[in-house]
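What follows is a short report on a single structure.
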Amino acid sequence: MRIGRWNGPDGVGEGIILDDRVIAFPDGATVADVLARGLDETLRLGRGVEPEQGTPREAVKLLAPLVPASIRDFVAFEEHVEGISASVDGASEVVPEWYQLPTFYFTNPHSVRASGEVVDVPETARLDFELELAVVIGAVAGSDGANLDAEAAASHIFGYTVMNDWSARDLQAREMKVRLGPAKGKDFATTLGPWIVTADEFADRLDGEGFLPLHAEVSINGERVGKDRISNMGWPFPELVAYAARNSVVRPGDVLGSGTVGNGGCLGELWGRRGELSPPPLEPGDEVRMVIEGVGEIVNTVGRKVPAPPIPAARKRPRNR
Numbered sequence: 047m048r049i050g051r052w053n054g055p056d057g058v059g060e061g062i063i064l065d066d067r068v069i070a071f072p073d074g075a076t077v078a079d080v081l082a083r084g085l086d087e088t089l090r091l092g093r094g095v096e097p098e099q100g101t102p103r104e105a106v107k108l109l110a111p112l113v114p115a116s117i118r119d120f121v122a123f124e125e126h127v128e129g130i131s132a133s134v135d136g137a138s139e140v141v142p143e144w145y146q147l148p149t150f151y152f153t154n155p156h157s158v159r160a161s162g163e164v165v166d167v168p169e170t171a172r173l174d175f176e177l178e179l180a181v182v183i184g185a186v187a188g189s190d191g192a193n194l195d196a197e198a199a200a201s202h203i204f205g206y207t208v209m210n211d212w213s214a215r216d217l218q219a220r221e222m223k224v225r226l227g228p229a230k231g232k233d234f235a236t237t238l239g240p241w242i243v244t245a246d247e248f249a250d251r252l253d254g255e256g257f258l259p260l261h262a263e264v265s266i267n268g269e270r271v272g273k274d275r276i277s278n279m280g281w282p283f284p285e286l287v288a289y290a291a292r293n294s295v296v297r298p299g300d301v302l303g304s305g306t307v308g309n310g311g312c313l314g315e316l317w318g319r320r321g322e323l324s325p326p327p328l329e330p331g332d333e334v335r336m337v338i339e340g341v342g343e344i345v346n347t348v349g350r351k352v353p354a355p356p357i358p359a360a361r362k363r364p365r366n367r
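Numbering of the sequence shown is given in my numbering, commencing with residue 47 and proceeding in unit increments.
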């Protein structure tokens, strides 16, 4: 089942998305409401939907499928780490620590964009995309989402959505030299969409280790620049969710990105491998299209580069005590 949000003749709607219609949840329920109820109850709700109900798809514009409670973004593809380390840090390597445990950072849930939007960006000379699959967390009866093992974490995976972690590589490289971040190189935009596909749709696609062998690809202005399989992750999603909840908690509405796929899932990886900016960084007017098998497609056009108010350099202080 596909669920999401849209703008239509009656304003913002939230509910079930069919091939040719959108059907609002009953009683004014929202995507956040059904995530808080959990997957089983949402599937029961979907079974009661009549296909002739709702509004024609062509009469609405899809929004981002949820307003995330938080966004964690992992770095779970070894091939991506090899390439991007050369691009950002100047040396192609996968440090031993990457293999020991998953790693993620938090990004900005307030700058989420929908498929179809024009995405304005910072003033950057190295604008990039990152093709990812993301899971959306839902409630599970009897679980508070805290300190989960992988089996319990799997039951909290409500569904999947396509994710583009837009990246300004020059900004990212500067701030990570301070050994913190990424921050301003990332937090200006994240595309999610076009909808959430519920986890039951993929139950028979999981391999023996719990990985999803889904095809993923990305193109710029109609030319494919990268393709990979989601099953090339170092950890399956339940283990990523378990790590996020480790000595912590995951809540309904949290989004967890897989990290960028390999084999051209971002330009930075290709720049690192080739030793040159080929293909060139994104510029205003470029169209980025991402497709993940069984999940959907997101498309955005790069908008204008937006100047930001200046921030002065750090003041040298006397360190008086």
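Ideal Cβ positions, reconstructed from N, Cα and C, are used throughout, including at glycine.
Residue i - partner residues in DSSP beta bridges
| i | result |
| --- | --- |
| Ile-130 | Ile-130 is not bridged to any residue. |
| Leu-328 | Leu-173 |
| Pro-168 | Val-352 |
| Ser-189 | Note: Ser-189 sits in no beta bridge, so no partner. |
| Ala-180 | Thr-207, Gly-303 |
| Met-10 | For residue 10 there is no data in the structure shown, the boundaries of the chain being 47 and 367. |
| Phe-71 | Paired residues: none, contrary to the question. |
| Ile-117 | Thr-153, Val-301 |
Check whether residue i and residue j have beta carbons under 9 Å apart
| i | j | result |
| --- | --- | --- |
| Arg-275 | Ala-262 | yes |
| Thr-244 | Ile-130 | no |
| Pro-148 | Ile-117 | no |
| Glu-128 | Gly-318 | yes |
| Trp-212 | Leu-108 | no |
| Leu-217 | Lys-230 | yes |
| Gly-308 | Phe-123 | yes |
| Asn-53 | Val-164 | no |
| Arg-335 | Ala-115 | no |
| Val-271 | Gly-227 | no |
| Glu-169 | Val-295 | no |
| Thr-76 | Glu-60 | yes |
| Leu-112 | Arg-51 | yes |
Of the residues the options, the one placed nearest residue i, counting alpha carbons only
| i | options | result |
| --- | --- | --- |
| Ala-105 | Asp-56, Arg-270, Ala-245, Ser-133 | Asp-56 |
| Leu-286 | Arg-361, Ser-201, Met-336, Asp-216 | Ser-201 |
| Ile-49 | Pro-355, Arg-270, Trp-212, Asp-246 | Asp-246 |
| Glu-400 | Tyr-145, Gly-92, Lys-362 | Residue 400 is absent from the model: the chain starts at 47 and stops at 367. |
| Thr-153 | Ala-235, Val-95, Pro-325 | Ala-235 |
| Pro-330 | Gly-321, Ala-75, Val-348 | Val-348 |
| Gly-136 | Gly-321, Val-352, Arg-365 | Gly-321 |
| Gly-92 | Met-47, Gly-54, Glu-221 | Met-47 |
| Pro-282 | Tyr-151, Pro-298, Val-121, Arg-90 | Val-121 |
| Leu-302 | Asp-86, Asn-293, Ala-288, Asn-366 | Ala-288 |
| Glu-98 | Leu-64, Gly-280, Leu-89 | Leu-64 |
| Asp-332 | Glu-143, Val-141, Gly-162, Val-58 | Gly-162 |
| Val-264 | Lys-273, Asp-119, Ala-199 | Lys-273 |
Residue burial classification, residue i (beta-carbon count within 10 angstroms, cutoff 16)
| i | result |
| --- | --- |
| Asp-300 | buried |
| Ser-304 | buried |
| Val-224 | exposed |
| Glu-315 | buried |
| Arg-215 | buried |
| Glu-255 | exposed |
| Asp-73 | exposed |
| Glu-178 | buried |
| Pro-284 | buried |
| Asn-278 | buried |
| Ser-133 | buried |
| Arg-220 | exposed |
| Ala-249 | exposed |
The segment 67-80 in contact with the segment 89-107 per 3-pair CB rule at 8 Å: yes
Three CB pairs or more closer than 8 Å across the segment 341-350 and the segment 199-218: A contact exists between the segment 341-350 and the segment 199-218.
Contact between the segment 352-359 and the segment 185-201 (3+ Cβ pairs under 8 Å): no
Stretch-stretch touch, CB-based, cutoff 8 Å, three pairs: the segment 77-87 with the segment 176-185: yes
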